[in-house]
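Engineer: Add 4 to a position in the sequence shown, counting from 1, and you land on the number used in the working numbering. Ideal Cβ placement from N, Cα and C applies to all residues, glycine included.
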Amino acid sequence: LFVITFIAAVLLAGTQAIIVPWVVASPFVLFSAWMDRVGRSRHLVAELASTAVCSVPLVAMALAKGWDQNVAFALGIANLARSWPTLLAVRTCLRRSRVEPISPVPALIAQFAAPALLALLAKHHALPWSVVTINAVLSLHALVLLSLSIGRFSARQLGITETVVGILYVVSLALAYA
């Protein structure tokens, strides 16, 4: 996916506009590939690295479109502000549903930190305030999942739910930036 999106971005925009996000993502790509190679792709750090890479095409497309660099990178951060807290919440819910010991504290901290970080970016005009609101609503959604998750959700149920919520998030971001 990394190679395909990189080639597409270069063909559409040239290397000048989009090279920085790909260079920044390269260590994450290499780490994710290595963790997958050694059979540890489900390790938390590997999953965090992989989700970080998923923000790169957004930043590259925004830069290719001529967006200000700060605004383009803020869009990538907005994607991470959805991805990382969701990843932590889903992992916590799945472990709790299997009655495995896991502290919900990291997932809870992430749910509050993400909108706070986005609020700082909005305050500095790097992204619309509506993105902060959308992310805060998603944090409330995750908090509800975390409060109900003991023995209640299968991986399939969570996967379908978060896929639908993720699609709604992308559509909401597109509308917020339109």
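(1) Out of ALA126, LEU144, LEU67, which one is the CA nearest neighbour of TRP26?
(2) Which residue wins for smallest C-alpha separation from PHE35, given the options ILE23, GLU51, VAL24?
(3) Just reading off the alpha helix (DSSP H) that LEU144 is part of, what are its end residues?
(4) Using DSSP with H/G/I as helix, E/B as strand and the rest coil, what is SER101?
(5) To the nearest angstrom, how far is it from the Cα of SER45 to the Cα of ALA37?
(6) Anyone know if the C-beta pair for LEU150 and THR96 falls short of 8 Å?
(7) Would you mind working out which of ALA114, LEU142, LEU162 sits nearest VAL174, comparing C-alpha positions?
(8) Compare the C-beta of ALA118 with all C-beta atoms of chain D and state if any pair is closer than 8 Å.
(9) Short check: CB of ALA78 to CB of ALA120, under 8 Å?
(10) Alpha carbon to alpha carbon, how far is VAL28 from ALA53? Give it in angstroms, no decimals.
(11) Excluding the five sequence neighbours on either side, which residues of its own chain have a C-beta within less than 7 Å of the C-beta of SER134, listed in chain order?
(12) Which residue comes first and which comes last in the alpha helix (DSSP H) that contains GLY170?
(13) In whole angstroms, what separates the C-alpha of VAL63 from that of VAL148?
(14) Does the count of Cβ pairs from the region 102 to 118 and the region 163 to 177 closer than 8 Å reach three?
Structural biologist: For this structure:
(1) The closest CA to that of TRP26, considering only ALA126, LEU144, LEU67, is found on LEU67.
(2) With respect to the C-alpha of PHE35, the residue from ILE23, GLU51, VAL24 having the closest C-alpha is GLU51.
(3) Residues 133 to 152.
(4) Note: SER101 maps to helix in three-state DSSP.
(5) The alpha-carbon atoms of SER45 and ALA37 are separated by roughly 8 Å.
(6) Taking C-beta atoms as the reference points, LEU150 and THR96 count as a pair closer than 8 Å.
(7) Of the candidates ALA114, LEU142, LEU162, LEU142 places its Cα closest to the Cα of VAL174.
(8) This model lacks chain D altogether, as it is built from one protein chain only.
(9) Contact: no.
(10) For ALA53 and VAL28, the gap between their C-alpha atoms comes out near 12 Å.
(11) Residues ALA180 of the same chain have their beta carbon placed closer than 7 Å to that of SER134, with the five preceding and five following residues left out of the count.
(12) Annotation for GLY170: the continuous alpha helix (DSSP H) segment containing it runs 159 to 181.
(13) Approximately 30 Å, taken between the alpha carbons.
(14) No: the two stretches stay apart, fewer than three of their Cβ pairs being nearer than 8 Å.
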